[in-house]
Amino acid sequence: MKRRVITGAVLLAILIPLIMLDHQKYPIVGTLFLITGIFLSMVASYEMMNMFYTKYPSLKNYRFFIGVFNGLVVLAIHYSGSFSYSIEILLLLLIILII
């Protein structure tokens, strides 16, 4: 539990400066925010899977897969607003890509 709190504090220390910086003055911050959001999603889902891995050992094979899938979902949500694609279509394409 202590390790997860430390991981959360480190990830929060990375995220807070990206929220505070002015996106108009530094345009690269938007891209860094997206990359950080994907990274945070992947690390958080990996930590959640590690919590349940001890109780359900069959989840061992899915620990990395679910993290990557969550990162792709964050990316799909970002691009659905950028290119006016429907989020349902992008998520369906992600599911088809996985299968």
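Note that my numbering has the sequence shown beginning at 550, numbered continuously upward. We put the beta carbon where it would ideally sit given N, CA and C, even for glycine. Values in this document were obtained by computation on a predicted structure and should not be read as measured data.
I'd like to check one pair, residue j with residue i: are the Cβ atoms closer than 7 Å?
i: residue 594; j: residue 615; result: yes
i: residue 582; j: residue 567; result: yes
i: residue 608; j: residue 598; result: yes
i: residue 654; j: residue 591; result: The structure shown does not extend to residue 654, since the chain spans only 550 to 648, so no value can be given for it.
Assuming residue i contacts residue j under a Cβ cut-off of 8 Å, what Cβ separation, rounded to an integer in Å, is found between them?
i: residue 640; j: residue 617; result: Not confirmed; about 15 Å, so no contact.
i: residue 585; j: residue 564; result: 6 Å
Give the range of the alpha helix (DSSP H) segment to which residue i is assigned.
i: residue 564; result: 551-569
i: residue 603; result: First-last for residue 603: undefined, no H or E at that position.
Just checking: is the beta-carbon of residue i within a distance shorter than 7 Å of some beta-carbon in chain D?
i: residue 644; result: This model lacks chain D altogether, as it is built from one protein chain only.
Closer than 6 Å to a non-hydrogen atom of the ligand FMN - does that hold for the CB of residue i?
i: residue 616; result: The ligand FMN is absent from the structure shown, which contains no ligand whatsoever.
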